[in-house]
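J.: Sequential numbering from 1 applies to the sequence shown in the UniProt record's numbering.
Cβ atoms here follow ideal geometry from the backbone N, Cα and C, with glycine treated the same way.
This one's a predicted model, so the numbers in the text were calculated from it and none came from an experiment.
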Amino acid sequence: MTRGRLILIEGLDRTGKTTQSNILLDKLKPNATLIKFPDRSTEIGQLIDKYLTDRSFVLPDQAVHLLFSANRWEVAQSIRELLLAGKHVVLDRYVYSGIAYSAAKGVAGMDRNWCLQPDKGLLKPDLTIFLTNANVCENQSRQGFGDERYEVSEFQQEVKKQFYKVFEDLEKNKIP
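1) Give the secondary structure of Asp92 by DSSP, where H, G and I count as helix, E and B as strand, and everything else as coil.
2) Beta strand (DSSP E) containing Glu10: first to last residue?
3) Per DSSP, Lys36 forms a beta bridge with which residues?
4) According to DSSP, is Ile79 part of a helix, a strand, or is it coil?
5) What residue range is occupied by the uninterrupted alpha helix (DSSP H) comprising Ile175?
6) Between which two residues does the beta strand (DSSP E) harbouring Leu116 extend?
7) Excluding sequence positions up to five away, which residues of its chain have a Cβ less than 6 Å from the Cβ of Met1?
8) Work out the CA separation of Arg3 and Cys39 for me, nearest whole Å.
9) In angstroms with no decimal places, state the Cα-to-Cα distance between Asp49 and Ile175.
10) Pull up the distance between the alpha-carbon of Lys165 and that of Asp54, whole angstroms please.
Structure (structure tokens):
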């Protein structure tokens, strides 16, 4: 049996990742599964959901980053099993979001290299598609923008810069 493909759709908030992930899933069905990160159905995912939607719920930035990574590890074995069973897995966000969003905070000691460490060993995507708007301010006009903690235009601009740096690191093989 041929291993399935791990296809990642990354991008800034409200750029169409979920829409494109669902379109791709429909094209690949019945031999595909969609997994969204954070996976809010798990216990760690529920804690992340509270953090993202309740601005009064405060956690240290390092702990938040590690929770997002732990959420990916919670699902890692399921992803591996699906791929080995020949199913394609479409991911709506993954490791690169974790690195870009955390590094964009500008917290001392939380550079891209630090942010990568807890995710080392997770499966690397076979294909990564990055979605963005030419102007981050366009995202504000999307329904629901601003409902979650990181949906702030100035922050999204910094996240975009970090994504580009992550992809540069990938090209230079700085990210295994």
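T.: The relevant details are as follows:
1) Numbered from 1 along the sequence shown, position 92 holds the residue referred to as residue 92. The answer is strand: DSSP assigns Asp92 an E or B state.
2) Taking the first residue of the sequence shown as position 1, residue 10 is located at position 10. Residues Leu6 to Gly11.
3) Against the sequence shown, residue 36 aligns to sequence position 36. In the DSSP output, where bridge partners are listed per residue, Lys36 has Asp92.
4) In the sequence shown, residue 79 corresponds to position 79, counting from 1. Of the three classes helix, strand and coil, the one that applies to Ile79 here is helix, per DSSP.
5) Taking the first residue of the sequence shown as 1, we reach residue 175 at position 175. Per DSSP, Ile175 belongs to no alpha helix (DSSP H) and is neither H nor E.
6) Here residue 116 refers to the residue found at position 116 when the sequence shown is read from its first residue. Looking at the DSSP string, Leu116 is not in any beta strand (DSSP E); the run it does join, the alpha helix (DSSP H), is Arg112 to Leu116.
7) By one-based count along the sequence shown, residue 1 stands at place 1. Excluding residues within five positions, the ones whose Cβ falls inside 6 Å are Gly86.
8) Here the question's residue 39 lines up with position 39 in the sequence shown. Here the question's residue 3 lines up with position 3 in the sequence shown. Position check: residue 39 holds Asp in this sequence, whereas Cys was assumed. Their backbone Cα atoms lie some 23 Å apart in a straight line.
9) Taking the first residue of the sequence shown as position 1, residue 49 is located at position 49. Taking the first residue of the sequence shown as position 1, residue 175 is located at position 175. Near 28 Å, if we compare the C-alpha coordinates of Ile175 and Asp49.
10) Residue numbering aside, residue 165 sits at position 165 when the sequence shown is read from its first letter. Residue numbering aside, residue 54 sits at position 54 when the sequence shown is read from its first letter. Roughly 29 Å separates the two Cα atoms.
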